[in-house]
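In the numbering used here, the protein residues as written are 2 to 438.
In this text, a Cβ means the ideal position worked out from N, Cα and C, and glycines have one as well.
Model, not experiment: these values are computed from the prediction.
Notes to accompany the following structure.
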Ligand code: XLS
Ligand code: NI
Ligand code: NI
């Protein structure tokens, strides 16, 4: 428990007046809201890759992160990181972690050795999970880092690469099941294209769908009952990713008969890269019954890539949690901090500051959103705005009892149209009233 972050004790809730940077101001794990603790509502998760594996390198410089496991290599390093993960998660009082297969164990000579490396670390993770009660929110396969995936994985032009991706995913599903993972994520790493001049997009997308069907079949075969999630992203690493945004993925899932088997993992920074707001993507997923989980982070509006920053914007967190509450919660999903400290925030303590900031932001956002839902002020406004569909001709439209003929007759017989203001500024002020009170 005190191996890797020995200077830091368990982070406690001290309330909003605390000035202690190593304490929660809003996240009070045991506080009960609507019959559930905050911990149960928020289901926070640490992203293994950003927190334990990545070193802070960028295209202009090498790794900067100072970690107490830096001196280790190979499997010894992998074991140390897994111990560090459980110590870290426990000290923050988080309930979950998420990983890619290659974050937790190094690749070996061939797939067999790679799998046996993975098996060893997974057994360690299982033991630590049983000892601490910390669980796996989701597992996934890294189908993008190794050079073999240069043209994509399931959408590669090379069938041998498709086969490798399938074999790797088969194993990742097995270990996710073994660890009791509650979901399995497919983020389309390099599933997209750079130029149409060399691309058969139809075949690539058909193959991607074939791959998902194989995964669904295999999960059934081994009795993996976790939720399958697709994580949309519009670009990066490829110029054009096939899982562009929620709308695109919905169309894809429906076209290929996969819509009953998948929900979505919505990432804030991917939403903004797609030209949407975070709440837009959450809302669209929710009203289509596919809001499954959240990668909680934020981008930088001045930078056009996936900066994966820790979420500190209370307004955005409020609007996000409003959607989550309206969704009846995230069910098997959670709020995964797919976020990294900046390259210049290289000390281990920065990992704590970052997670505390993100958790407090979402805890506060959750509380504000909960109040908004409870008073119903926003919902009442929206309901009133559409009230013309609850009676008269509007109800006939909704009930399918009016067609063009009836509607023309109605217009010819009726008075002039009266529209009402949309009151955007009033509503923005209303939202601020909740945030600022
Ligand atoms: C990358 C993605 C990735 C997924 C997991 O942009 O966010 O980290 O969450 O593969
Ligand atoms: Ni993500
Ligand atoms: Ni991302």
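Examine ligand 3 and report whether any of its heavy atoms sits within less than 8 Å of the Cβ of residue i.
i	result
residue 184	no
residue 240	no
residue 270	yes
residue 296	yes
Can the beta-carbon of residue i be found closer than 9 Å to that of residue j?
i	j	result
residue 88	residue 5	yes
residue 140	residue 100	yes
residue 216	residue 187	yes
residue 291	residue 263	yes
residue 204	residue 235	no
residue 1	residue 353	Residue 1 is absent from the model: the chain starts at 2 and stops at 438.
residue 295	residue 251	no
residue 14	residue 363	no
residue 137	residue 44	no
residue 432	residue 319	yes
residue 258	residue 231	no
residue 105	residue 165	no
residue 309	residue 42	no
residue 370	residue 317	no
Ordered along the chain, which non-local residues of its own chain (more than five positions away) have a Cβ less than 8 Å from that of residue i?
i	result
residue 347	57, 65, 66, 67
residue 403	394, 397, 411
residue 428	379, 382
residue 12	23, 24, 25, 92, 93, 94, 353, 357
residue 284	324
residue 223	174, 175, 178
residue 303	none
Give the range of the alpha helix (DSSP H) segment to which residue i is assigned.
i	result
residue 86	75-93
residue 265	No alpha helix (DSSP H) contains residue 265, which is instead part of the beta strand (DSSP E) from 263-268.
residue 378	378-386
residue 124	112-133
residue 222	202-223
residue 177	160-179
residue 433	425-437
Might you give, ordered along the chain, the residues of its own chain that have their beta carbon closer than 7 Å to the beta carbon of residue i, omitting 5 neighbours on each side?
i	result
residue 179	123, 127
residue 85	5, 53, 70
Which residues in the same chain as residue i place their Cβ atom closer than 6 Å to its Cβ, once the five residues preceding and following it in sequence are excluded?
i	result
residue 272	279, 282
residue 212	155
residue 351	342
residue 129	87
residue 38	31
residue 200	194
residue 238	191
residue 399	390
What residue range is occupied by the uninterrupted beta strand (DSSP E) comprising residue i?
i	result
residue 187	184-188
residue 296	292-296
residue 101	97-101
residue 48	45-48
residue 136	136-141
residue 232	228-232
Hey, is residue i close to ligand 2, as in C-beta under 8 Å from one of its heavy atoms?
i	result
residue 266	yes
residue 232	yes
residue 188	yes
residue 339	yes
Measure from the alpha carbon of residue i to the alpha carbon of each residue in the options, then state which is nearest.
i	options	result
residue 70	59, 292, 83	83
residue 79	63, 55, 221	55
residue 360	120, 26, 258	26
residue 373	61, 434, 289	434
residue 9	219, 376, 90	90
residue 332	305, 256, 184, 423	184
residue 163	417, 181, 59, 208	208
residue 102	241, 116, 33	116
residue 423	430, 386, 405, 413	386
residue 293	313, 303, 228	228
residue 248	287, 314, 328, 240	287
Taking only heavy atoms of ligand 1 into account, decide whether any of them is closer than 8 Å to the Cβ of residue i.
i	result
residue 329	no
residue 308	no
residue 101	yes
residue 85	no
residue 177	no
Does any residue of chain C have a CB that is nearer than 9 Å to the CB of residue i?
i	result
residue 133	Here there is only one protein chain, and chain C is not present.
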